[in-house]
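Encoded as structure tokens, the structure appears first; notes follow it.
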Amino acid sequence: MNSKFRGTLLGVLIGDCCGAVFEGEVLDAGQKFVLRKFINKLEGVSFTAPRQKYTDDTAMTKSVARCLLKYDEKSYQKNLAVDFVKEYCSSTTSRGYGDGVQRLLVTLRKEKFEDLLGPARNQFNGTGSFGNGAAMRISPVSLYCVNKSDDFLFDLVGKTSEITHANVIGINGAILQALAIREVLKLESDDLDVNNYVTNLLESFKKIEKGEDEFGIHEQKFYTEQLEGMRKLLNKEILPSDEEVVNILGHSVNALYSVPTAIYCFLRNVNLLKGNREKLFRSTLEYAICLGGDTDTIASMACSLVGAFTGDSIIAKNLIKHCESSEEIIELSDKLYEIVFSEIFKKDLHLNDEKMN
Ligand code: F2R
Ligand code: MG
Ligand code: MG
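With mature numbering (1 follows the signal peptide of the UniProt record, and there is no 0) as the guide, the letters of the sequence shown map in order to residues -19 to -1, 1 to 338.
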């Protein structure tokens, strides 16, 4: 499990660092070749350039991990808002934050965090952000909730998301990514039944999206439909082309058109590399970036899923070494593992004590 914790957060970092170079592009055959050579170079021993920089995806994930380490129900959200702002302001390099979220972090700071959720609700003329920023940073919540109830996870995802994302699409994208990671973290073997896995996510989303709005009109089944589309793509006899995948699932900054895409990238490669798990990380990384569009975020979310599934042992050591702050990411993973499992250990001891008495 310690290795799975490391794999999850290293997946975020490496997908982000490698994908950031191609963010916003549509890759033709030539660029796909450049991408392959670029990752080969990062995996090699002779890489001498400065380490590959991470972007907002990792910056915000680090904040979430740090605040979970000192989790307290009452102060968590304020601590997180302050940490987001500190991380944003302390960076000496551009981390490619979304335009809306940058304005929001400046407002939070200017207003001294008096209203934690108001600025997010006011974003985009009061509709709130549907960007994938809440989903891209959610993996530490999956780690923290590995043995907790669904309700606890939903609540913590909500608290972690709503500081910046008030639109239901943005928040539900984070719920989907959090559930998707937690489900693979909990697997004890490296055998993943892809059909079952998608069915479980679909069942969860049918419940989440069954609500009605204030007029009694049934809410649209946004993620449920995307998950159905993903299942169809996964079950196709002929492997779908990159264009077909992007047409059906999308590759934009909108959470609805990127979270299901990231999960698809992971599952497609699980299916393809059944007897060859060693190649799963590299192959998913390259495939997610090949789809173009929001490459750092889609690769980051997809690789986080691979890391949660296999652990960090299949990630090339040089690739880890050549990404900025990988030591810090490993330290955060290990600390999260320690607090999550010391809590469980304490609970077990307490139960044993009760039995003895
Ligand atoms: N923003 C980027 N990349 C492009 C900019 C890079 C820049 N040029 C640079 O290199 O410095 N990447 C990062 O942003 C995505 C996560 O975004 P997040 O945190 O959700 O931010 P935001 O601002 O809330 O939303 C992003 C954009 O989505 C559109 N949008 C969201 N909600 C909307 C709504 N209700 N109505 C209309 N548009 C909405 C806006 O265009 C937002 O700017 C990740 O890709 C991360 O890597
Ligand atoms: Mg980014
Ligand atoms: Mg991005």
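The beta carbon of each residue, even a glycine, is placed where N, CA and C say it ideally should be.
1. Can you grab the Cα-Cα spacing for the pair Glu95 / Leu89, in whole Å?
2. Can Val122 and Ala159 be called in contact, C-beta distance under 8 Å?
3. Short check: CB of Thr145 to CB of Gly114, under 8 Å?
4. To the nearest angstrom, how far is the alpha carbon of Phe65 from that of Leu86?
5. Can you give me the C-alpha to C-alpha distance between Gln33 and Ile(-6), rounded to a whole angstrom?
6. Mind checking who Gly112 pairs with in its DSSP beta bridge?
7. Are the Cβ atoms of Ser233 and Leu(-11) separated by less than 8 Å?
8. Can we count Ser77 as close to ligand 2, meaning its CB is less than 7 Å from some heavy atom?
9. How about the stretch 245 to 262 and the stretch 278 to 297: do they share at least three Cβ pairs that are nearer than 8 Å?
10. Starting from Met170, follow the alpha helix (DSSP H) in both directions and report where the run begins and ends.
11. Can you tell me whether DSSP reads Cys(-2) as helix, strand or coil?
12. Only counting the same chain, and skipping five residues up and downstream in sequence, which positions put a Cβ closer than 7 Å to that of Cys48?
13. Could you tell me the alpha carbon to alpha carbon distance between Asp24 and Ile296, rounded to whole angstroms?
14. For Asn181, I'd like the list of residues in its chain whose CB is within less than 7 Å of its CB, leaving aside the five on either flank, ordered along the chain.
15. Under 7 Å from any heavy atom of ligand 5, does the C-beta of Val234 make it?
16. Glu267 to Asp9, Cα distance in whole Å?
17. Please list the terminal residues of the continuous alpha helix (DSSP H) segment that includes Cys304.
18. Assign Ser110 to one of two classes, buried (16 or more other C-beta atoms within 10 Å of its C-beta) or exposed (fewer than that).
19. Could you check the C-alpha separation between Phe322 and Gly11 for me, to the nearest Å?
20. Which value, in whole angstroms, describes the spacing of the CA atoms of Glu309 and Arg76?
21. For ligand 3, list every residue whose C-beta falls under 5 Å from any of its heavy atoms, going in chain order.
22. Pick helix, strand or coil for Glu92, following the three-state DSSP scheme.
23. Please report the Cβ distance between Gly139 and Gly112, rounded to the nearest whole angstrom; I am assuming they are in contact, meaning their Cβ atoms lie under 8 Å.
24. Helix, strand or coil, according to DSSP, for Gln12 in the structure here?
25. Between the alpha carbons of Lys167 and Tyr318, how many angstroms are there, rounded?
26. Can you list, in chain order, the residues of its chain with a C-beta nearer than 7 Å to that of residue 342? Leave out the 5 residues immediately preceding and following it.
27. With a threshold of 7 Å, establish whether the CB of Asp38 neighbours any heavy atom of ligand 2.
28. Per DSSP, residue 359 is paired with what?
29. Take Arg102 and list the residues in its own chain whose beta-carbon comes closer than 7 Å to its own, dropping the five residues that flank it on each side.
30. Could you compute how far the alpha carbon of Ala236 sits from the alpha carbon of Ser306?
31. Please report the straight-line C-alpha distance between Lys191 and Leu97, rounded to a whole angstrom.
32. Note the first and the last residue of the continuous alpha helix (DSSP H) segment covering Ala62.
33. Beta carbon of Ser142, beta carbon of Val(-8): below 8 Å?
34. Starting from the Cα of Glu209, find the closest Cα among Ile244, Ile219, Leu220, Lys51 and give me that residue.
With the given structure in hand:
1. 8 Å
2. yes
3. yes
4. 7 Å
5. 9 Å
6. Asn235
7. no
8. The sequence given here places Gly at residue 77; Ser does not occur at that position. For ligand 2, at least one heavy atom lies less than 7 Å from the Cβ of Gly77.
9. yes
10. One detail in the question is off: residue 170 reads as Ser in this sequence, not Met. Unbroken run through Ser170: none, as it is neither H nor E.
11. helix
12. Tyr57, Asn60, Leu61, Asp64
13. Looking at the sequence itself, residue 24 is Glu, so the reference to Asp does not match. Spanning the two alpha carbons is a distance of roughly 9 Å.
14. Glu164
15. Among the ligands present in this structure, namely ligand 1, ligand 2 and ligand 3, ligand 5 is not found.
16. 14 Å
17. Premise fails: Cys304 is in no alpha helix (DSSP H) and is neither H nor E.
18. buried
19. 47 Å
20. 17 Å
21. Asp275, Asp277, Thr278
22. coil
23. Actually they do not touch by this definition, with Cβ atoms about 16 Å apart.
24. helix
25. 14 Å
26. A query on residue 342 cannot be resolved here, the shown segment of the chain reaching from -19 to 338 and no further.
27. yes
28. Past the edges of the chain, shown from -19 to 338, lies residue 359, and the structure says nothing about it.
29. Gly109, Ala147
30. 26 Å
31. 28 Å
32. 57 to 71
33. no
34. Ile244
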